[in-house]
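Contents: one structure, followed by commentary.
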Amino acid sequence: METRAEEILKGFQVNWICLKDADGGTVFWQGSDDLSLPDVEHQAKVPKNILQCRAVSREFNFSSKESMEKFRLEQKVLFKGRCLEEWYFEFGFVMADSTNTWQSVMEAAPESQMMPASVLNGNIVIETKFFDDDLLITTSRVRLFYV
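With the first letter of the sequence shown counted as 1, position 30 gets the number 30 in UniProt numbering; the numbers rise by one all the way through.
Put into structure tokens, the structure is as follows:
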């Protein structure tokens, strides 16, 4: 018998993600891989000038066959396996058989704390945990390459 997490994951899909300059709206990266698939390290090639943005907007489109009471994400930025930043995002209720777009804005660290793209390139992994309240549904890992 499937667990509730397996049931949700079976009907859950990330349709696309878009990263934009939160101020000017310039699209830096768009991907349509299903980043909810566990046990796969995905890759994203992102223009290095994204690191000069004051804030980055992430639009995330997903579909779910199952309803969720309190859909949320926990996201870590890992540099060579060490956590540099951690963010928490709450979406809330998700209707069964729905497709949703969720936009979040992430502010950049102060310039004095930023590392150059050449140091970050290939060494940054974004680990995203998808939850329904406290129930872990899946964990996604995306390695960033700055081009």
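The beta-carbon is built from N, C-alpha and C at its ideal position, and this holds for glycine as well.
By Cβ distance, which residues of its chain are closer than 8 Å to F12, with the 5 residues on each side in sequence left out?
On the sequence shown, position 12 is the one that residue 12 refers to. Non-local C-beta neighbours of F12 in its own chain, meaning closer than 8 Å and more than five positions away in sequence, comprise S36, F62, S63, S64, K65, E66, F130, I137 and T138, ordered along the chain.
Once you ignore the five residues that flank F93 on each side, which residues in its own chain have a CB closer than 8 Å to its CB?
Here residue 93 corresponds to residue number 93 of the sequence shown, with the count starting at 1. Once the five neighbours on either side are set aside, the close Cβ partners of F93 are S67, M68, E69, K70 and F71.
Going by other Cβ atoms of all chains shown within 10 Å of its Cβ, with 16 needed for buried, is A55 buried or exposed?
For the purposes of this step, residue 55 is taken as the residue at position 55 of the sequence shown. Label assigned to A55: exposed.
Pairwise C-alpha distance: K20 and M95:
On the sequence shown, residue 95 is found 95 positions in, with the first residue counted as 1. On the sequence shown, residue 20 is found 20 positions in, with the first residue counted as 1. If you draw a straight line from the Cα of M95 to the Cα of K20, it comes to about 27 Å.
Y146 burial status per 10 Å Cβ neighbour count (16 or more: buried):
Here residue 146 refers to the residue found at position 146 of the sequence shown. Label assigned to Y146: buried.
DSSP three-state assignment for V119, whether helix, strand or coil:
Mapped onto the sequence shown, residue 119 falls at position 119. Note: V119 maps to helix in three-state DSSP.
Under the three-state reduction of DSSP, which class applies to E7: helix, strand or coil?
Counting from one through the sequence shown, the residue named residue 7 turns up at place 7. In the displayed model, E7 falls within a helix according to three-state DSSP.
State buried or exposed for S118, treating a residue as buried only when at least 16 other CB atoms are found within 10 Å of its CB.
To locate residue 118, count along the sequence shown from 1; it is residue 118. Result: exposed.
Which residue marks the beginning of the beta strand (DSSP E) containing residue 164, and which one marks its end?
Nothing can be reported for residue 164, as the shown portion of the chain is limited to 1 through 147.
Local Cβ density within 10 Å of S140, reported as buried at 16 or more and exposed below that
Translated into the one-based positions of the sequence shown, residue 140 becomes position 140. For S140, the number of other beta carbons within 10 angstroms of its own is at least 16, and it is reported as buried.
Inter-stretch contact (C-beta, 8 Å, three-pair minimum) for the region 76-90 and the region 24-40:
No, the region 76-90 does not touch the region 24-40.
Check the DSSP bridge columns for S32 and list the partner residues they point to.
Position 32 of the sequence shown, counted from the first residue, corresponds to residue 32. Secondary-structure assignment with DSSP links S32 through no beta bridge to anything.
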